[in-house]
Every structure is written in structure tokens, then in C-alpha cells.
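K.L.:
With the UniProt record's numbering, letter number 220 in the sequence shown gets 220, and the count goes up by one each step, no holes.
Ideal Cβ placement from N, Cα and C applies to all residues, glycine included.
Below is the structure I would like to discuss, written out as C-alpha cells.
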Amino acid sequence: MMRWRGAMLDISRHYFDATFIKKTISSLAIFDYNTLHLHLTDDQGWRLESKVFPLLHELGSVRKQSQNNHGLLEPTYDGKEHSGYLTHNDVREIVSHAHSLGMQVVPEVNIPGHTGALLAAYPQFGVNKAAVEVSGRWGISDYLLRPFPETFEFLAKVFEEVAELFPSEYIHVGGDESLIDNWLKDPEVVVFMKEKGFASTKELFMFFMKEIEKIISSLGKKMVTWDDAFAFDPEQATQATVMSWRGAAIAQIALDHGREVIQGPVFPTYLDYSQEVSESEPLAIGGPVTLEDVLAFTPLPGVTGVQFQLWSEYIQFPTHAEYMMWPRAAALAYRCWGEGKDFESYFAERRPLLEKLDVTIRDMDPLKRAKIAHLGIGPYYRGFDTASMMEALEKSAVAGEVAHDF
Ligand code: ACM
């Protein structure tokens, strides 16, 4: 079987508690998943208790309101506070439950972009030390950490605390969608670039990630980044494991450069995408990613693993999260490491175990479909065509550019 059989749960955009995370671990184990990647921090929330820097969870876990329409539209907001974070005790319970089922839990603390919640707590580490609020808007934001020694000292302590809590071999440090030209808006960063002789913000980014790589290695861990951090400059990038989300081309380039690669392409492993083009499906970021699409996925030879992603901008309720995962998470497992003559019999054999856990499954028969709580009915944003989006993502990855909202 593949070495990394992964599932990513985003608990930043909407918080999911330890009870749900443990239940999800139990359900994933039925299908031989062995890695739960927790996306713990982002612009919209910091979801981990910190005893070293308590403002991270005290301020960073609370946002005043959330966007309640699609992220590509002019935002409207729900006016409701959203909060929550995992305590150290929660993490110990999650990790211990995962271990009992043969799974590792890989934490992600996303830097240097996607840092709105961190900067709401500690603005001194951001571009121009600007005051920031925990964001209630979806999509890519301007927030960016400053590349100075005090930032790295701070992050070293943050990662040290994270490493003590999560005994996994890996720590994920994000590195995606960083709008690195925002460094040029900070005169002190511009002076720093001149002093260091960096001709471009990409060079500065490589310096930043190499400082982080030193921190992660000193903790005895292997670093993982999203493909952006590699794609900016494959020749100068860190040695981190590359988690490719923008298609197979950048995954192949990373393999050719000797990197360990986990494949998690938007199409068809972003399970927050709707499962069908239908007015009755819950609002989703895009779609569709059908069961058949997942069953047709072929990993590249030589990759270390495959992973699905459940981002949670549009998913607030556990039943909705499960509805998006099942049966597609089972299909990915069958396709990439499962055994049996066909998916139907593979799933039928294991389905009773999911049902015993009271997991919500999206039935293929519309008449049998579970009623779930969700933030609104689709359709997902109509201008969002999955095939042309994937093409644009692949191009941006190979060109070493940030994929902007589209
Ligand atoms: C990502 O979807 N920004 C990894």
C-alpha cells in the first residue's frame, strides 16, 4: 500500500471539535487511511491552544462574522461570531485515538501567507506591523509575515510547541498562495532585501522557507509544503515534501527534482467541491467532482502518497462534512490502495462499519439522500468551470506563479 494515505480536514474556516475529529479518524481507518492532516491555522481562525503565545488562540480563534455567499461574489456576512480551538488535551486524545488505529496526525501551521489569524494576535510579525482582524471573508488575502529574525524566533517557539503535541514524522508549514510582492510595500523589508542582495521577492521567499526548514529539521521533523513553495523556484526550493494541489505537471517536476510528493489535486481530491451539478446540492466552492471522477484518478508512479482535502469555507456542520466525504473518500481509497473486484463490493463490505459509527453518507439514489444541515443551497458558483480551472492551476504551478482567485 502507498506510504501516505491521507485526508485533510480544514478546521480553520469552520471549527470542528475533537469529538468529530476522532469520529472521522475512526471512519477513515475503515478504508486504511493512515494520515490525518489537520489544517489548523489560516486567515479565518487559529484553532490550537498555545501556552507559549496564548493570544494565538485567545484572539486568533474568534472572528466576528463569516461570509455567507460564494467567495468569488461581493461578500455578504452572517453577523454571527465563530470561534473554537483544540486544547492540548484535545490534541492528546486525537493523537492517541489515531495511533490506536494506525494513523498519524500531521499538523499544519500555514506560513508566510494565510496568516490573518496569527497577525490578529501578533501584528508585529506582519508586513508594516499593520493591525489585522481575523478574517470573515473567503479567498486569498494579503497577510504576510515579515522575514526578520524576530519572526523566526517566534515561529521556532510556535513549531516547538506544535512538535511536542504532535508526534508525527512530518509538520506541514503551508507555503501556498503567499502574495509575496506585498513584501515590497514594507520599507523595512525592502531595506532587508537590499542588505541581503535579494533581487526578487521569490529569492526572499526561498530564504524565508529555508529558515523554516532549519527550524523544522532542528525539531527532528520532516517538512511538508503545498506545491507553491516548490514551484516558485524548483532549483532553489527547500527539500520539503511537496503536496501538489495544482495538478500532475508540478507533481512530476517535483519528482524529477528528487522530492517526495503527495498528490492532492483539486480535481478530483478536493471533496469540498459538489458531487453533482444540481440545485439541490449544498452551496460549494465549485464542482462537480463526481464519484466516477474519483474512481478514474490515477496517481503518478513514484509518489509517496495521495490525499483528499476537505476545506471548510462552506461546510460548518459535521453531517455536511461527512456528506461531502462519503462515499468519495472510500472511492479514493479503493482506487489508490484498496482491494476487491469492484468499488461497489468494496464499499458494500465496509459500509456497515460506517453506519455503525452513524456516519452520514450521500446516497447515490436521490430519494434516499440524507437531510443535512448546511449553509445554503447551491448552485455552486456558475462561472467556475472545473476543467478550465484545473488548466489554469496547472499553468500557474508550472510558471511558478500564485494562482489568483478566478
Ligand atoms: C490550496 O488549495 N491553497 C492548497
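(1) Taking 7 Å as the cut-off, does the CB of Trp-226 come closer than this to any heavy atom belonging to ligand 1?
(2) Please report the straight-line C-alpha distance between Trp-337 and Val-242, rounded to a whole angstrom.
(3) Report yes if the CB atom of Leu-227 is closer than 8 Å to the CB atom of Pro-268, and no otherwise.
(4) How long is the line joining the alpha carbons of Ile-262 and His-57, rounded to whole angstroms?
(5) Around the C-beta of Ser-168, are 16 or more other C-beta atoms found within 10 angstroms, so that it is buried, or is it exposed?
(6) Would you check whether ligand 1 has a heavy atom nearer than 7 Å to the C-beta of Trp-245?
(7) Identify which residue in Lys-395, Leu-291, Glu-355, Pro-352 has its Cα closest to the Cα of Met-324.
(8) Please go through the same chain and pick out, in chain order, the residues whose beta-carbon is closer than 6 Å to the beta-carbon of residue 430, but skip the five residues on each side of it.
(9) How many angstroms separate the CA atom of Ser-217 from the CA atom of Val-162?
(10) How should Ser-312 be labelled, buried or exposed, when 16 other C-beta atoms within 10 angstroms of its C-beta is the threshold for buried?
(11) For Leu-9, which of Gln-252, Ala-18, Met-364, Arg-3 has the nearest alpha-carbon?
(12) Look at the alpha carbon of Arg-328 and the alpha carbon of Gln-239, and state the distance between them as a whole number of angstroms.
(13) Are the CB atoms of Thr-360 and Ile-372 nearer to each other than 8 Å?
(14) Mind checking who Tyr-77 pairs with in its DSSP beta bridge?
(15) Mind checking whether Asp-176 and Lys-202 have CB atoms under 8 Å apart?
(16) For Val-105, which of Pro-352, Ser-96, Gly-113 has the nearest alpha-carbon?
(17) Can you tell me whether residue 407 is buried or exposed? The criterion is at least 16 other CB atoms within 10 Å of its CB, across all chains shown.
(18) Under DSSP, the beta strand (DSSP E) around Phe-308 begins and ends at which residues?
(19) Measuring only the C-alpha atoms, how far is Val-277 from Gly-287?
(20) Check for me: the alpha helix (DSSP H) holding Ile-21 runs from which residue to which?
P.N.:
Concretely, from the data shown:
(1) The count along the sequence shown starts at 1 and reaches residue 226 at position 226. Trp-226: yes, Cβ under 7 Å from ligand 1.
(2) Residue 337 sits at position 337 when you count from the first residue of the sequence shown. Residue 242 sits at position 242 when you count from the first residue of the sequence shown. About 20 Å.
(3) The sequence position of residue 227 within the sequence shown is 227, counting from 1. The sequence position of residue 268 within the sequence shown is 268, counting from 1. For the sequence presented, residue 227 should be read as Asp rather than Leu. Not in contact: Asp-227 and Pro-268 (Cβ atoms no closer than 8 Å).
(4) The residue you call residue 262 lines up with position 262 of the sequence shown. The residue you call residue 57 lines up with position 57 of the sequence shown. Taking the straight line joining both Cα atoms gives about 29 Å.
(5) Within the sequence shown, the letter at position 168 stands for residue 168. Under this definition Ser-168 is a buried residue.
(6) Your numbering for residue 245 matches position 245 in the sequence shown. It does: the Cβ of Trp-245 is within 7 Å (strictly closer) of some heavy atom of ligand 1.
(7) Position 324 of the sequence shown, counted from the start, is the residue given in the question as residue 324. The candidate whose alpha carbon is nearest that of Met-324 is Leu-291.
(8) Any question about residue 430 goes unanswered here, given that the chain covers just 1 to 406.
(9) By one-based count along the sequence shown, residue 217 stands at place 217. By one-based count along the sequence shown, residue 162 stands at place 162. So the alpha carbons of these two residues sit roughly 13 Å apart.
(10) Position 312 of the sequence shown, counted from the start, is the residue given in the question as residue 312. Ser-312 is buried by the Cβ-count criterion.
(11) Position 9 of the sequence shown, counted from the first residue, corresponds to residue 9. Cα-wise, what sits closest to Leu-9 is Ala-18.
(12) Here residue 328 refers to the residue found at position 328 when the sequence shown is read from its first residue. Here residue 239 refers to the residue found at position 239 when the sequence shown is read from its first residue. Using only the alpha carbons, I get a separation of about 32 Å.
(13) Your numbering for residue 360 matches position 360 in the sequence shown. Your numbering for residue 372 matches position 372 in the sequence shown. Contact: yes.
(14) Within the sequence shown, the letter at position 77 stands for residue 77. Paired residues: Gln-67.
(15) The residue given as residue 176 occupies position 176 in the sequence shown. The residue given as residue 202 occupies position 202 in the sequence shown. In this structure, Lys-202 does not lie closer than 8 Å to Asp-176 by Cβ.
(16) One-based indexing of the sequence shown puts residue 105 at position 105. The residue with the shortest Cα to Cα distance from Val-105 is Ser-96.
(17) Only positions 1 to 406 of the chain appear in this structure, which leaves residue 407 out of reach.
(18) Counting from 1 along the sequence shown, the entry for residue 308 is found at position 308. Looking at the DSSP string, the run of the beta strand (DSSP E) that includes Phe-308 is 305-310.
(19) Position 277 of the sequence shown, counted from the first residue, corresponds to residue 277. Position 287 of the sequence shown, counted from the first residue, corresponds to residue 287. Each residue's Cα considered, the two are about 7 Å apart.
(20) Within the sequence shown, the letter at position 21 stands for residue 21. That run of the alpha helix (DSSP H) goes 18-29.
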